[in-house]
Amino acid sequence: KNNTGFNDNDGSGDISVGDDVFYDLTATNVPVAFGGANLTNVVITDDLTGDTSTPVTLAPGESDTLSISYTVQDSDLGTEIDNIGTADSDQTDPITDPEFVPVPESTLDISKTNTGFTDNDGSGDISIGDDILYDLTAINIPVAFGGANLTNVVISDDLTGDTSTPVTLAPGESDTLSVSYTVLESDLGTTIANTGVADSDQTDPVTDIEGVPVPDPELSVVKTNTGFTDNDDNGFISVGDDVLYDITATNTGDTNLTNVVISDDLTGDTSAPTDLAPGESDTLSVSYTVQDSDVGTTIANVGVADSDQTDPVTEPEEV
């Protein structure tokens, strides 16, 4: 019994599921003494496929061959296909010959890695508009008999929808898809869960998830009347006195804030832009000179704080 090759149906170059393995089973009348004798009802059978030949008579030295094929199953991966051929005749006992055909096996694995981010606003943290970078790597891991080629290996990213060009990976080889995702406002304060998928003709899809936390920026502002300059010494706020305010912006979130600016709507004063780490504050001190039109009214003054990462926040103070 001889393995005469296989039909490489998936083009992988290796014996794999769905391929047809071919065998020739040849029975020969071997003369032993006095020129040998005819053998009648010679029948060849294959235990793997159950195929049998038509009974024939073989003169000394003659042969008969049964050609068969076997389709590789999932259960054959990583094993040796053990196939036994049997020949029998009216004049002899059955004789057998085994043939072992190894079926190599590989698995497909994928790893997804966050390789960093483009800090587009210079905050030092992941924030809206930044691009998070990922590498998705698929690798052919040999399991048995040196492993097998994997064909049409494709890597895809569920978050961006990007896919790689199909490739064939020999055992031990890998392919990488690099993608980027732009952070949206809805991502703030969440973990971006991104799944990479790799698939091939020979394997089921495999996945790997990478989670990247996105901090939530928060800015608060407090405006306080810190007193007044009693320029006319009458003990009351009056025309010409200066009303004093402190406007304090505080980073109350867990990410850096850049270009924090404090402004006062009553005086038009603004602070120099500054960066605030979590927990840090900046204060703008302003003064407003009371006018004739303010007499008998409440002076309403609003402080505003803004940054690259947040919407403006306000607080009024009435005197």
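Residue numbers for the sequence shown follow the numbering used here, so the first one is 149 and each next one is one higher.
Where is the CB? At the ideal position from N, CA and C, for every residue including glycine.
These numbers were taken from a predicted model, which means no experiment stands behind them.
- Between residue 220 and residue 164 a beta carbon distance of about 6 Å is seen, short of the 8 Å cut, so the two are scored as contacting.
- Take the alpha-carbon of residue 460 and the one of residue 364: they are about 15 Å apart.
- Listed in chain order, the beta strand (DSSP E) runs fully inside the stretch 273 to 298 are 279 to 292, counting runs of at least 3 residues.
- If you draw a straight line from the Cα of residue 316 to the Cα of residue 300, it is about 6 Å long.
- Contact between residue 395 and residue 451 holds: their C-beta atoms lie close to 4 Å from each other, under 8 Å.
- Restricting attention to alpha helix (DSSP H) runs no shorter than 4 residues, the stretch 368 to 406 encloses none.
- Residue 349 carries a coil assignment under DSSP once its states are collapsed to helix, strand and coil.
- If you ignore the 5 residues before and after residue 415, its C-beta comes within less than 7 Å of the C-beta of 434, 436, all in its own chain and listed in chain order.
- Per DSSP, the continuous beta strand (DSSP E) segment holding residue 248 begins and ends at 243 to 250.
- Under DSSP, residue 327 shares a beta bridge with 282.
- Per the coordinates, the alpha-carbon of residue 199 lies some 7 Å from the alpha-carbon of residue 216.
- Our two residues, residue 222 and residue 166, have alpha carbons roughly 8 Å apart in a direct line.
- Following the DSSP letters along the chain, one finds residue 231 inside the beta strand (DSSP E) bounded by residues 228 to 236.
- The beta carbons of residue 341 and residue 355 sit no closer together than 9 Å.
- Judged by DSSP in its simplified three-state form, residue 358 adopts strand.
- A Cβ-Cβ separation of about 6 Å places residue 280 in contact with residue 360 under the 8 Å criterion.
- In the structure shown, residue 322 adopts extended strand secondary structure according to DSSP, grouped into three states.
- For residue 467 and residue 381, the gap between their C-alpha atoms comes out near 18 Å.
- Within the same chain, Cβ atoms closer than 6 Å to the Cβ of residue 249 are found at 151, 169, 229, the five residues on either side in sequence being excluded.
- For residue 428, the three-state secondary structure derived from DSSP is coil.
- When DSSP reads this structure, residue 151 sits in a beta bridge with 171.
- If you ignore the 5 residues before and after residue 266, its C-beta comes within less than 8 Å of the C-beta of 278, 279, 281, 328, all in its own chain and listed in chain order.
- Around the beta carbon of residue 233, 16 or more other beta carbons lie within 10 angstroms, which makes this residue buried.
- One thing to note: residue 185 has its Cβ within 9 Å of the Cβ of residue 239.
- Minimum Cα-Cα distance from residue 241 among the listed residues 175, 285, 261 corresponds to 175.
- Here residue 305 carries a strand assignment [DSSP, helix/strand/coil].
- Classified as buried, residue 397 has 16 or more neighbouring CB atoms from the shown chains inside 10 Å of its CB.
- When only Cα atoms are considered, residue 173 and residue 236 end up about 12 Å apart.
- Residue pairing for residue 211: DSSP places it in a beta bridge opposite 176.
- Here the alpha carbons of residue 156 and residue 336 stand approximately 51 Å from one another.
- Per DSSP, the continuous beta strand (DSSP E) segment holding residue 204 begins and ends at 204 to 206.
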